[in-house]
Amino acid sequence: MEHCDALIVGGGPAGSSCAWQLRRYGLDVIVMDKSSFPRDKVCAGWITPEVLQALKIDLDDFASKHVLQPITSFHTGLINGEGLEIHYPNTVSYGIRRREFDNYLLRRSGARLLLGQTLDSLHRDGRYWIANESVAAPLIIGAGGHFCPVARFMGANLGANEPVIAAKEIEFEMNQEQRYECQVRGETPELYFCRDMKGYGWCFRKDDYLNIGLGREGNHRLSEHLDNFCDFLRQRGRIPQNVPNHFHGHAYLLHGHAARKQIDDGMLLIGDAAGLAYPQSGEGIRPAVESGLMAAVVIREAQGDYSSMKLLPYSARLVTRFGATTSSGKVGQSPVRNYFARKLLGNKWFTRNVLLDRWFLHSNKASLQVA
Ligand SMILES: Cc1cc2nc3c(=O)[nH]c(=O)nc-3n(C[C@H](O)[C@H](O)[C@H](O)COP(=O)(O)OP(=O)(O)OC[C@H]3O[C@@H](n4cnc5c(N)ncnc54)[C@H](O)[C@@H]3O)c2cc1C
């Protein structure tokens, strides 16, 4: 039996950020993940600079060995409509490859790693949780993404009655011919909204890699929406004609629309496991990282007493940072707001100040600073 101060289930951005911060506080941490790293993750791979600041990542060091695509403008519009381009004087976001980024964060966390191991069993023995009959810890942190087994253990009804965002994506390295054909520029990701404003598609180039995808409320006719989107991109000559067809799907929850319990005695959830992605953009990496860091602060302050009372400040911090959660079960969009948003997508002021600055870049929200 291996012992540790905290067992983190899931080595994505939430788990690795929490592990990194806990290690800085001197705790002995194990991260268990069902995948061997590096592993692929269904994601567009767009991050806001505050993610890198919160994690104190040395940009030059990271960029010397990995793809780091600076973003200085966006092309936005409606699918099958005209678009407009918004330029910034500086870098406002980055493109990364999740395969590389997640592996980098996990390896640098300093935690002990149990990779290629699924969490199969969990039970309590006195003040310890026993995972897979092989790891004992007084605290379990659920960072296993949308289908996190710890969330299930805490009573989440995964996949049922939860208002998910369903998305499909492909990322591939373009060959010479595809690179020549591809009109998408690395510094200018392209975002195209569905006419009913229930989702959007993206087309995102990072060096020689092209990432195309579409996410929507629920998964009703998702493939049809995706096919229409790809046809539109091809007709406009944005993407190569022969894009591979093996799109991968995944689901996740938006913050404010999920009602998952976040803490219990000796347990807490971070990142997608807790349903924290930003509702307007679907950006989930920043909330995953920030929730992991905030959880670490609360864990340190609990000083070994991981009763739900002692972990309560974590929920309070989430509310302060991301707002309250409702259990309405509906993704909060009104037809009136959608109508105006659709009209306003052609307006440069709205696109720059509201859609991009406020909803996608959260430029009014400084990076999380954790001592
Ligand atoms: C198509 C798509 C595009 C997206 N694009 C963006 C984007 O561009 N920018 C952005 O910020 N967000 C994006 N998101 C959201 C983002 O991917 C997630 O919010 C983010 O990955 C959450 O991180 P996490 O660490 O909570 O979970 P994850 O990254 O999902 O990591 C969970 C980890 O847990 C492991 N795991 C799962 N089950 C078990 C188990 N039983 N035992 C052990 N380990 C387990 C998994 O192997 C995985 O490594 C996108 C999501 C989708 C679906």
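If you read the sequence shown in my numbering, its first letter stands for residue -7, the second for the next number, and so on.
Positions of the beta carbon are idealized from the N, C-alpha and C atoms, including for glycine.
Exercise. Mind checking GLY102: buried by the 16 CB within 10 Å criterion, or exposed?
Worked result: Counted from its first residue, the sequence shown places residue 102 at position 110. That one is exposed.
Problem set entry | Of the residues HIS138, ALA128, PRO232 and HIS115, the one placed nearest GLU173, counting alpha carbons only | In the sequence shown, residue 173 corresponds to position 181, counting from 1. When HIS138, ALA128, PRO232 and HIS115 are compared, the shortest CA-CA separation from GLU173 is found for PRO232.
Exercise. Under 7 Å from any heavy atom of ligand 1, does the C-beta of ASP20 make it?
Worked result: Counting from one through the sequence shown, the residue named residue 20 turns up at place 28. Incorrect: ASP20 has no Cβ contact closer than 7 Å to ligand 1.
Problem set entry | Span of the alpha helix (DSSP H) around ARG292 | Position 300 of the sequence shown, counted from the first residue, corresponds to residue 292. Segment 277 to 294, the alpha helix (DSSP H) holding ARG292.
For this session: Could you check the C-alpha separation between ASN72 and GLY205 for me, to the nearest Å?
Result: Position 80 of the sequence shown holds residue 72. Position 213 of the sequence shown holds residue 205. Distance between the alpha carbons of ASN72 and GLY205 is about 16 Å.
Exercise. Measuring from the CB of THR317, is there a heavy atom of ligand 1 at a distance below 7 Å?
Worked result: Locating residue 317 in the sequence shown gives position 325, where the first residue counts as 1. Not one heavy atom of ligand 1 sits closer than 7 Å to the Cβ of THR317.
Problem set entry | 4-residue-minimum alpha helix (DSSP H) runs that sit fully inside the stretch 125 to 170, ordered along the chain | Every alpha helix (DSSP H) stretch that sits fully inside the stretch 125 to 170 and reaches 4 residues is listed by chain position as 141 to 145.
Exercise. CA-CA distance, ALA288 and ALA11?
Worked result: Start at 1 with the first residue of the sequence shown, and residue 288 comes out as number 296. Start at 1 with the first residue of the sequence shown, and residue 11 comes out as number 19. In a straight line, the C-alpha of ALA288 is about 8 Å away from that of ALA11.
Exercise. Of all the options HIS79, ALA55 and ARG116, which has the alpha carbon lying nearest to the alpha carbon of ASP349?
Worked result: Position 357 of the sequence shown, counted from the start, is the residue given in the question as residue 349. The residue with the shortest Cα to Cα distance from ASP349 is HIS79.
Exercise. Going by the C-beta, is PHE139 closer than 7 Å to any heavy atom of ligand 1?
Worked result: One-based indexing of the sequence shown puts residue 139 at position 147. Yes, the beta carbon of PHE139 sits closer than 7 Å to at least one heavy atom of ligand 1.
Exercise. Taking the DSSP output, what are the residues bridged to ILE0?
Worked result: For the purposes of this step, residue 0 is identified with residue 8 of the sequence shown, where counting begins at 1. ILE0 pairs with VAL23 and ILE133.
Problem set entry | DSSP bridge partner residues for ASP117 (one or two, in chain order) | Reading the sequence shown from its first residue, position 125 is the one you call residue 117. In DSSP, ASP117 forms a bridge with TYR120.
Exercise. Terminal residues of the continuous beta strand (DSSP E) containing CYS222?
Worked result: As a first step, residue 222 must be located in the sequence shown, where it is residue number 230. Judged by DSSP secondary structure, CYS222 falls outside any beta strand (DSSP E) and instead within the alpha helix (DSSP H) spanning 214 to 227.
For this session: Using 10 angstroms around the beta-carbon of GLU209, count the other beta-carbons present and answer buried if the total reaches 16, otherwise exposed.
Result: Locating residue 209 in the sequence shown gives position 217, where the first residue counts as 1. By the neighbour-count rule (16 or more Cβ atoms within 10 Å), GLU209 is buried.
For this session: Name the one or two DSSP bridge partners that PRO62 has.
Result: Residue mapping note: residue 62 aligns to position 70 of the sequence shown, counting from 1. Beta-bridge annotation (DSSP): PRO62 is paired with TYR86.
Problem set entry | Check whether GLU154 and LEU260 have beta carbons under 8 Å apart | Your numbering for residue 154 matches position 162 in the sequence shown. Your numbering for residue 260 matches position 268 in the sequence shown. Not a contact, by the Cβ cut-off of 8 Å.
Problem set entry | Where THR180 falls: helix, strand or coil (DSSP) | For the purposes of this step, residue 180 is identified with residue 188 of the sequence shown, where counting begins at 1. Three-state result, THR180: coil.
Problem set entry | Distance CB(ALA158)-CB(LEU150) smaller than 8 Å | The residue labelled residue 158 in the question sits at position 166 within the sequence shown. The residue labelled residue 150 in the question sits at position 158 within the sequence shown. Their beta carbons are not under 8 Å apart, which means ALA158 does not touch LEU150 by this criterion.
Exercise. Assuming ARG292 contacts TYR120 under a Cβ cut-off of 8 Å, what Cβ separation, rounded to an integer in Å, is found between them?
Worked result: Working through the sequence shown from its first residue, we reach residue 292 at position 300. Working through the sequence shown from its first residue, we reach residue 120 at position 128. Between ARG292 and TYR120 the beta-carbon gap is near 19 Å, outside 8 Å, which marks them as no contact.
Problem set entry | Rounded straight-line distance, which links the Cα of ARG104 to that of SER56 | Counting from one through the sequence shown, the residue named residue 56 turns up at place 64. Counting from one through the sequence shown, the residue named residue 104 turns up at place 112. SER56 and ARG104: Cα-Cα distance of roughly 25 Å.
For this session: May I have the straight-line CA-CA distance separating ASN237 from GLU(-6), to the nearest angstrom?
Result: Residue 237 sits at position 245 when you count from the first residue of the sequence shown. Residue -6 sits at position 2 when you count from the first residue of the sequence shown. Here the alpha carbon of ASN237 sits roughly 43 Å from the alpha carbon of GLU(-6).
Exercise. What is the DSSP secondary structure of MET301, reduced to helix, strand or coil?
Worked result: Indexing the sequence shown from 1 puts residue 301 at position 309. It is helical.
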